[in-house]
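Worksheet for the structure shown next.
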Amino acid sequence: MNKLSLSSALETIWQFIRRTNKYIDQTEPWILGRDNSQKERLSTILYNLAESIRLSTILIYPFMPVKAKEIWEQLGLESDLEKIKLDEDASWRKLKPGILVKPGKIIFPRIDTKEKEQRKVKEDKSNIISYDEFKKIDLRVGKVISAEEVSGTDKLLKLEISLGEETRTIVAGVKKHYSAEEILGKKIVIITNLQPVKLRGIESQGMLLAAVNKDNVVLLTIDKNITEGSKIQ
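Quick note, the sequence shown lines up with residues 263 to 495 if you use the working numbering.
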């Protein structure tokens, strides 16, 4: 087992497949097919290609058994691929002339770069929300009037937020970035119309906003004095 090198084996197989592709480019069978005087040469080329595919299929079977079986079936081969023996069957000219290949689906579709880019753009657009949807989000200025650590966790702070006419309790996962003392008194941005959730048994009645870059978290704060509860538009 110490002498086995699967990566080297695969690279050798791909070299053989690349050489087969080059053979197609060099012999141009699509051009020979238009010339009746080249039928014999065309038949030889097509046999060589079919035999190359047969050998490639045998070699990739241990690595890609499902795909290999699909290729084997399209080649019109009736023998059981699982019972193939390398020392007996993986040699040239074992393919019987006159086999009837079977049309089938493309087994290894070509990756269309343009189609891939269009799909990415479509996915990006799917994240776009309308202005009416944005207006449903109620953003307010809130002031942290109380802050304490939530026991049993190294991430959560329990905050009391003044919104002017009311006070909200919000549980926020900012403990690793702000201590209770640091966050106290800050005027921050709050989403007020989220469905309340319970975290560690405490009902959280909103969400504070923060900028996140890798492991860095920075609260969105208000840089000038403004009344708590002011709507952000």
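Glycine is no exception: its CB is placed at the ideal position from the N, C-alpha and C atoms.
Contacts around Met263, its chain only, beta-carbon distance under 6 Å, and the 5 residues preceding and following it disregarded: To locate residue 263, count along the sequence shown from 1; it is residue 1. Caution applies to Met263, whose pLDDT of 43 falls short of 50 and renders its modelled position unreliable; the value that the coordinates give is listed next. The answer is none, since no qualifying residue turns up.
Distance between Gln380 and Thr489 (C-alpha atoms, nearest Å): Along the sequence shown, one-based indexing puts residue 489 at 227. Along the sequence shown, one-based indexing puts residue 380 at 118. Straight-line Cα distance between these residues: approximately 46 Å.
At least three beta-carbon pairs within less than 8 Å, the stretch 445-456 to the stretch 392-404: yes
Rounded C-alpha distance that separates Gly295 from Tyr285: As a working note, residue 295 is residue 33 in the sequence shown. As a working note, residue 285 is residue 23 in the sequence shown. Going by the C-alpha atoms only, they are around 16 Å apart.
As assigned by DSSP and simplified to three states, the class of Thr319: Counting from one through the sequence shown, the residue named residue 319 turns up at place 57. In this structure, Thr319 counts as helix in the three-state DSSP scheme.
Leu362 in three-state terms, based on DSSP: Numbered from its first residue, the sequence shown carries residue 362 at position 100. Three-state result, Leu362: coil.
Touching by the beta-carbon criterion (3+ pairs, under 8 Å), the stretch 457-465 and the stretch 431-447: A contact is defined here as three or more CB-CB pairs under 8 Å, and the stretch 457-465 meets this definition with respect to the stretch 431-447.
Unbroken beta strand (DSSP E) run spanning Ile333, endpoints: As a working note, residue 333 is residue 71 in the sequence shown. Careful: Ile333 lies outside any beta strand (DSSP E), inside the alpha helix (DSSP H) at Pro327 to Gln336.
Proximity test, Ile423 beta-carbon vs the ligand SAM heavy atom, cut-off 8 Å: The ligand SAM is not part of the structure shown, which contains no ligands of any sort.
Beta-carbon proximity of Gly404 to Gly468, cut-off 9 Å: As a first step, residue 404 must be located in the sequence shown, where it is residue number 142. As a first step, residue 468 must be located in the sequence shown, where it is residue number 206. Yes, Cβ-Cβ distance for Gly404 and Gly468 is below 9 Å.
Buried or exposed by the 16-neighbour rule on C-beta atoms within 10 Å, applied to Arg316: For the purposes of this step, residue 316 is taken as the residue at position 54 of the sequence shown. Arg316 sits buried, since 16 or more C-beta atoms from the chains shown fall within 10 Å of its C-beta.
Per-residue burial, Ser466 [other beta carbons within 10 Å of its own, 16 or more giving buried]: Here residue 466 refers to the residue found at position 204 when the sequence shown is read from its first residue. So Ser466 counts as buried.
Reference Ile333, options Glu350, Leu357, Val363 and Thr306, closest by Cα: What you label residue 333 is simply residue 71 of the sequence shown in a count that begins at 1. It is Val363 whose Cα lies nearest to the Cα of Ile333.
Contacts around Ala409, its chain only, beta-carbon distance under 6 Å, and the 5 residues preceding and following it disregarded: Sequence index remark: in the sequence shown, residue 409 carries index 147 (1-based). Here the set comprises Leu419, Leu421, Ala442, Ile445 and Leu446.
Cα-Cα separation, Ile391 to Gln495: Locating residue 391 in the sequence shown gives position 129, where the first residue counts as 1. Locating residue 495 in the sequence shown gives position 233, where the first residue counts as 1. Taken atom to atom, the span from the alpha-carbon of Ile391 to that of Gln495 is near 16 Å.
Test: Ile293 CB closer than 9 Å to a CB of chain B: Protein chains in the displayed structure number just one, and chain B is not present.
Endpoints, the alpha helix (DSSP H) within which Arg280 is located: The residue given as residue 280 occupies position 18 in the sequence shown. Its alpha helix (DSSP H) spans residues Leu268 to Thr289.
Terminal residues of the alpha helix (DSSP H) in which Leu456 lies: Start at 1 with the first residue of the sequence shown, and residue 456 comes out as number 194. Element bounds for Leu456: n/a, residue is neither H nor E.
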